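> Those sequence lines, one after another, are chains P and Z.
Residue numbering for the first sequence follows this note's numbering, starting at 10 and increasing by one per position.
Residue numbering for the second sequence follows this note's numbering, starting at 10 and increasing by one per position.
2 protein chains.
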Amino acid sequence: MIDSADQLVAAIRARKGRVTPQRRVILRHVQRLHGHFTAERLLAEVEPDLPGVSLPTVYATLDLFEDVGLVRRVVGLGGAEVYDSRPEPHHHLVCRSCGAVADLNAAGVDTEGVLGSAARTGFHPEEATLVVLGTCAVCARSQD
Amino acid sequence: MIDSADQLVAAIRARKGRVTPQRRVILRHVQRLHGHFTAERLLAEVEPDLPGVSLPTVYATLDLFEDVGLVRRVVGLGGAEVYDSRPEPHHHLVCRSCGAVADLNAAGVDTEGVLGSAARTGFHPEEATLVVLGTCAVCARSQD
DNA sequence: CTTTTTGCAAATGATTTGCATTAAC
DNA sequence: GTTAATGCAAATCATTTGCAAAAAG
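So this is what it looks like as structure tokens:
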């Protein structure tokens, strides 16, 4: 897993890419956010350090980071794409009302078993994640 | 659960809605499809029986059917919204390449336990579904 | 110098909204 | 007759694409 600028540089060089200031700064902020975010949110975060960055650059960079295993796209419910800077598969709580995504640390899923059943249907499974739909504490309070 | 036109009529009347030919025909096709579909696909399906139906009507009707528990929106990965005419929560295989959604009948998930953990975080869980990401048989064959 | 990456503007695709008309009740 | 639902056109939102200019190697 990539967790330093040096490792990012190595990964980029390995794929004959170029190490740009944008990529360095976006890396820093992705790591600092350490959670779930949309491209739009990341742009806002990065903007002060990189005046004039564009959304297409943020998207392109997130694609690169995804290829390299630095972030993963989270399975969500419509709306904007949510990225996660925790690259191991894990479970999520998704709020139906505001779309917020949170991690859930819970046992209770036999991942290997599930992947096995999936494979037996002819599907080529990569990962199994559990999604709990419901209402987050904030939205529940403001009577949803 | 609603599984006949009569029950749909009752549910619509209960909410002071109106029983239109569009709603009847769309119900028939949703039941006939008995699986996963997008609004666009459903429109194509329904069009021959209802010349001139509009996409907004299909969306509005799907919203109604969702409220009434006839269909559910499936947790997916970007792309078009996928609806499911199987209203009980169940697990899904989602193809990263073509977006296809299939059901997975697998044990291995302690739903109650997971909902409990979710509730303990202050979240108000409604349902827990497992999503297996990977490549479907068709896409795998055409070397993804 | 060569090739990738950037930023901009415009395109795309899915879903939603506004509104006048039609049709349920 | 009233009021909700429809169809159309236009709006919106997130993401992607095309392309010329800038910059990395």
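All C-beta atoms, glycine included, are put in the ideal place defined by N, C-alpha and C.
Values in this document were obtained by computation on a predicted structure and should not be read as measured data.
#1: Does the stretch 49-69 of chain Z come close enough to the stretch 20-32 of chain Z that 3 or more CB-CB pairs lie under 8 Å?
#2: Taking only beta-carbon atoms, is P/D72 less than 8 Å away from chain Z?
#3: Look up Z/E136 in the DSSP assignment and give the residues it is bridged to.
#4: Shorter than 8 Å from the beta carbon of P/P134 to some beta carbon of chain Z?
#5: From Z/K25 to Z/V18, what does the alpha carbon distance come to, in whole angstroms?
#6: Alpha carbon to alpha carbon, what distance is there between P/V140 and P/G44?
#7: Who are P/H99's beta bridge partners in DSSP?
#8: For a cutoff of 8 Å on Cβ pairs, would you count P/L79 as touching chain Z?
#9: Give the secondary structure of Z/A116 by DSSP, where H, G and I count as helix, E and B as strand, and everything else as coil.
#10: Could you check what DSSP says for Z/A111 in three-state terms: helix, strand or coil?
#11: To the nearest angstrom, how far is it from the Cα of Z/V92 to the Cα of Z/F46?
#12: Would you tell me roughly how many angstroms separate the C-alpha atoms of Z/N114 and P/T138, rounded to the nearest one?
#13: Just the Cα atoms here: how many angstroms apart are P/S106 and P/A146?
#14: What residues match up with Z/F46 in a beta bridge as DSSP calls it?
#15: Applying the 10 Å Cβ sphere with the 16-neighbour rule, what's the burial state of P/G131?
#16: When the Cα atoms are used, what is the spatial distance from P/R150 to P/R27?
#17: Please name the residues in the stretch 82-101 of chain Z whose beta-carbon is closer than 8 Å to at least one beta-carbon of chain P, in chain order.
#18: Determine which residues of the stretch 125-149 of chain Z have a Cβ less than 8 Å from any Cβ of chain P, and write them out in chain order.
#19: Using a Cβ-Cβ distance under 8 Å, would P/D119 count as near chain Z?
#20: So, does the CB of Z/A48 fall closer than 8 Å to a CB anywhere in chain P?
#21: Measure the CB-CB distance between P/V39 and P/F74 and report whether it falls below 8 Å.
#22: Report yes or no: is there a C-beta of chain Z within less than 8 Å of the C-beta of P/L156?
#23: Does the CB of P/G122 have a neighbour CB from chain Z at under 8 Å?
#24: Identify whether P/V34 lies in helix, strand or coil by the three-state DSSP scheme.
#25: According to the Cβ coordinates, are Z/L102 and Z/G143 closer than 8 Å?
#26: Looking at the unbroken alpha helix (DSSP H) that takes in Z/V67, where does it start and where does it end?
#27: Is Z/A127 buried or exposed, if buried means 16 or more other CB atoms sit within 10 Å of its CB?
In this structure, then:
#1: Contact between the stretch 20-32 of chain Z and the stretch 49-69 of chain Z is present, because at least three Cβ pairs lie under 8 Å.
#2: Answer no: the Cβ-Cβ gap between P/D72 and chain Z never drops below 8 Å.
#3: P/L142
#4: yes
#5: 10 Å
#6: Answer to the nearest angstrom: the Cα atoms are 16 Å apart.
#7: For P/H99, which the question treats as bridged, DSSP gives no partner whatsoever.
#8: no
#9: It is coil, neither helix nor strand.
#10: strand
#11: Val is not the amino acid found at residue 92 of chain Z; the sequence shown has Tyr there. For Z/Y92 and Z/F46, the distance between alpha carbons rounds to 5 Å.
#12: A straight-line Cα-Cα distance of about 15 Å links Z/N114 and P/T138.
#13: 11 Å
#14: Z/Y92
#15: exposed
#16: 47 Å
#17: Under the 8 Å Cβ criterion, the stretch 82-101 of chain Z contributes R82, V84, G85, L86, G87, E90, H100.
#18: S126, A127, T130, G131, F132, H133, P134, E135, E136, A137, T138, L139, V140, V141, L142, G143, T144, C145, A146, A149
#19: Output row for P/D119: interface = yes.
#20: no
#21: yes
#22: Outside the shown range of chain P, which is 10 to 153, sits residue 156 of chain P, and nothing can be said about it.
#23: yes
#24: helix
#25: yes
#26: 64-76
#27: buried
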